[in-house]
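Student:
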Ligand SMILES: Cc1ncc(COP(=O)(O)O)c(C=O)c1O
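Residue numbers (our numbering): 13 to 504.
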């Protein structure tokens, strides 16, 4: 249809062809849609006078109210304008290019930051079975009990919880969590210092948003946790990988001439992925370095509950008299990742600002779930669940070691496994690592290469073998496969 100023007759004829043919929509909608389409495509010229509603209704043989309702919609959307005493006119709309350059053409590219982020997505596991690192034993979760608890807390939910919240998490959960962290993790914490987040990842993001500017430096453990690396990268930070030795991140090994850090990210209870625990002298050295540089230390205490030979090591935050450590925890490992609940324990002076900024940036919610979790913790079910998981993970680890025995007897070295949810199998070189990962793919087994956890040139080759999320059967099968594959490869 060419652009035209419609005569009444032409418009009525054209509309008559459009309406009454689509039985499923109302006449108002059909009339409105046809006029909207012609106006938007410029087929009805801007400024054209439209026939009166009475004339249109009569010409189309429909009720005038139907025409008025369609016109009202066009008027409300700004597609037609009404001139007092003169009727309706087609509005003057900006014209869109007839053949716009497609945004998704061959030259399309993500932003530099976006591409860096996408490049790190390859580290996400696709299969949550044997060897997927960081996945808890979901088959051991007390699903029925949790469902009952959730149902009751949803039934009893306070109507105020339906609204926007700015408490930084349900106060009852912050109470229960504060007690738990004080007693079990020696964290110096009062409930008002806690902000509940959607997992540790969101907590890292909030810290990066509020305490750093784009271009600031963050020291990261090398090798280290990809989730935190990605988050800091997305915040535009300059990531300086600092090597991890047998005592964790070594501040003395920071590359020369790097700018002072604004943040130092560590996993001192159980370094991810190497598994080492940072002893007190190194913790004090780290705090001294942080104080000298004016840096915040982020303590990511993601799985410290799973220690098999000794009680969990007390937190770094509890060691520091100064308020320079920001403690971050998650329920992803002790309960389940889909829960998306984590927390930050902040110095008192920062807590209120973080609480409000969190509500502004992310919004908070899901208070019935938080309420159920508060009861789960306060009644001791949480601690009982952790104790049960600890025992099962110890058994799962032993099972994996049994399955790998032919290889370990022949020289394959495994990490100590005193804590955590994975073992590291050391390999001779990166070629061997790449070959095993490739063979595993063919056998439909997920193997995470240790080299993937390095930001710079990997210093060690190995495999990160998650065992917590797999049943003993799965571990036996995958472990035997790996043992066999390693023996074949190393006997060549
Ligand atoms: C070192 C480390 N920190 C934190 C997390 C938990 O992150 P989230 O709470 O976002 O699930 C993980 C999970 O894999 C992890 O490995």
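The beta-carbon is built from N, C-alpha and C at its ideal position, and this holds for glycine as well.
Everything numeric in this text was worked out from a predicted model, so none of it was measured.
Going by C-alpha distance, which of 281, 329, 250, 251 is nearest residue 260?
Tutor: Residue 260 has its Cα closest to that of 281, out of 281, 329, 250, 251.
Student: What residues does ligand 3 have around it, judged by CB closer than 6 Å to any heavy atom, in chain order?
Tutor: With respect to ligand 3, the structure offers nothing, as its ligand set consists of ligand 1.
Student: Look at the Cβ atom of residue 474, then the Cβ atom of residue 417, and state whether they are nearer than 8 Å.
Tutor: Going by C-beta atoms, residue 474 is not nearer than 8 Å to residue 417.
Student: Label residue 486 either buried or exposed according to how many other C-beta atoms from any shown protein chain fall within 10 Å of its C-beta, with 16 as the threshold for buried.
Tutor: Buried is the call here.
Student: Roughly how many whole angstroms lie between the Cα atoms of residue 366 and residue 298?
Tutor: Between residue 366 and residue 298, the C-alpha separation is close to 25 Å.
Student: At what residues does the alpha helix (DSSP H) containing residue 183 begin and finish?
Tutor: Segment 183–197, the alpha helix (DSSP H) holding residue 183.
Student: Using DSSP's beta-bridge definition, name the partner residues of residue 143.
Tutor: Paired residues: 478.
Student: Considering only residues of the segment 444–468, which uninterrupted alpha helix (DSSP H) runs meet the minimum length of 4 residues and lie entirely inside it, listed in chain order?
Tutor: Runs found: none.
Student: For the candidate residues 445, 340, 206, 466, whose alpha-carbon lies nearest to that of residue 362?
Tutor: Taking only the C-alpha atoms, the option nearest residue 362 is 206.
Student: By how many angstroms is the C-alpha of residue 444 removed from the C-alpha of residue 489?
Tutor: Residue 489 and residue 444: Cα-Cα distance of roughly 21 Å.
Student: Tell me whether residue 374 sits in a helix, a strand or coil according to DSSP, three-state version.
Tutor: If DSSP states are grouped into helix, strand and coil, residue 374 belongs with coil.
Student: Just to confirm, are residue 356 and residue 182 a CB contact at a threshold of 8 Å?
Tutor: No, these two residues do not count as a Cβ contact at 8 Å.
Student: Who does residue 257 pair with in a DSSP beta bridge?
Tutor: In the DSSP output, where bridge partners are listed per residue, residue 257 has 260.
Student: Might you give, ordered along the chain, the residues of its own chain that have their beta carbon closer than 6 Å to the beta carbon of residue 359, omitting 5 neighbours on each side?
Tutor: Excluding sequence neighbours, residue 359 sits near 335.
Student: Under DSSP, the beta strand (DSSP E) around residue 342 begins and ends at which residues?
Tutor: 337–342 is the span of the beta strand (DSSP E), which, as asked, contains residue 342.
Student: For residue 119, is the classification buried or exposed, using 16 other Cβ atoms within 10 angstroms of its Cβ as the cut-off for buried?
Tutor: With fewer than 16 other Cβ atoms within 10 Å, it is exposed.
Student: In its own chain, which residues sit with a C-beta less than 7 Å from the C-beta of residue 27, not counting the 5 before and 5 after it?
Tutor: Taken in chain order, the residues that qualify are 43, 46, 72.
Student: Can you tell me which of the three DSSP states residue 439 falls into?
Tutor: Residue state, collapsed to three classes: strand.
Student: Short of 6 Å in beta carbon distance, which residues of its chain neighbour residue 435, apart from the five on each side in sequence? Order them along the chain.
Tutor: Excluding sequence neighbours, residue 435 sits near 426, 427, 429, 477.
Student: Decide if residue 224 is buried, meaning its Cβ has at least 16 other Cβ atoms within 10 Å, or exposed.
Tutor: Classification for residue 224: buried.
Student: Considering only residues of the segment 93–157, which uninterrupted beta strand (DSSP E) runs meet the minimum length of 3 residues and lie entirely inside it, listed in chain order?
Tutor: For the segment 93–157, whole beta strand (DSSP E) runs of length 3 or above, ordered along the chain, are 99–102.
Student: For the putative contact between residue 311 and residue 328, defined by C-beta atoms under 8 Å, what is the C-beta separation to the nearest angstrom?
Tutor: Correct: roughly 5 Å between the Cβ atoms.
Student: Please confirm if the segment 442–458 is in contact with the segment 107–116, defined as three or more CB-CB distances below 8 Å between the two stretches.
Tutor: The segment 442–458 is not in contact with the segment 107–116.
Student: In angstroms, rounded to a whole number, what distance separates the CA positions of residue 215 and residue 315?
Tutor: Computed Cα separation, rounded: 16 Å.
Student: Secondary structure at residue 265, three-state DSSP: helix, strand or coil?
Tutor: Correct three-state label for residue 265: helix.
Student: Go ahead and pull the three-state DSSP assignment for residue 84.
Tutor: Residue 84: helix per DSSP, three-state reduction.
Student: Where does residue 204 fall in DSSP's three states?
Tutor: Looking at residue 204 - three-state DSSP - the assignment turns out to be helix.
Student: Among the candidates 377, 64, 40, 32, whose CA atom is the shortest distance from the CA of residue 19?
Tutor: For residue 19, the nearest C-alpha among the options comes from 64.
Student: State the Cα-Cα distance for the pair residue 421 and residue 407, rounded to the nearest angstrom.
Tutor: Spanning the two alpha carbons is a distance of roughly 20 Å.
Student: I'd like the span of the alpha helix (DSSP H) that includes residue 293, first residue to last.
Tutor: Segment 292–305, the alpha helix (DSSP H) holding residue 293.
Student: Determine contact between the segment 277–292 and the segment 234–242, defined as no fewer than three beta-carbon pairs at a distance below 8 Å.
Tutor: Yes: the two stretches touch, three or more of their Cβ pairs being nearer than 8 Å.
Student: Taking only three categories from DSSP, how would you classify residue 57?
Tutor: The answer is coil: DSSP assigns residue 57 none of H, G, I, E or B.
Student: Report yes or no: do the segment 263–274 and the segment 151–164 share at least 3 C-beta pairs separated by less than 8 Å?
Tutor: The segment 263–274 is not in contact with the segment 151–164.
Student: Going by CA-CA distance only, name the one from 167, 51, 41, 364 that's closest to residue 380.
Tutor: Here the closest residue by C-alpha is 167.
Student: Tell me which residue opens and which closes the beta strand (DSSP E) that residue 232 is part of.
Tutor: Per DSSP, residue 232 belongs to the beta strand (DSSP E) from 229–234.
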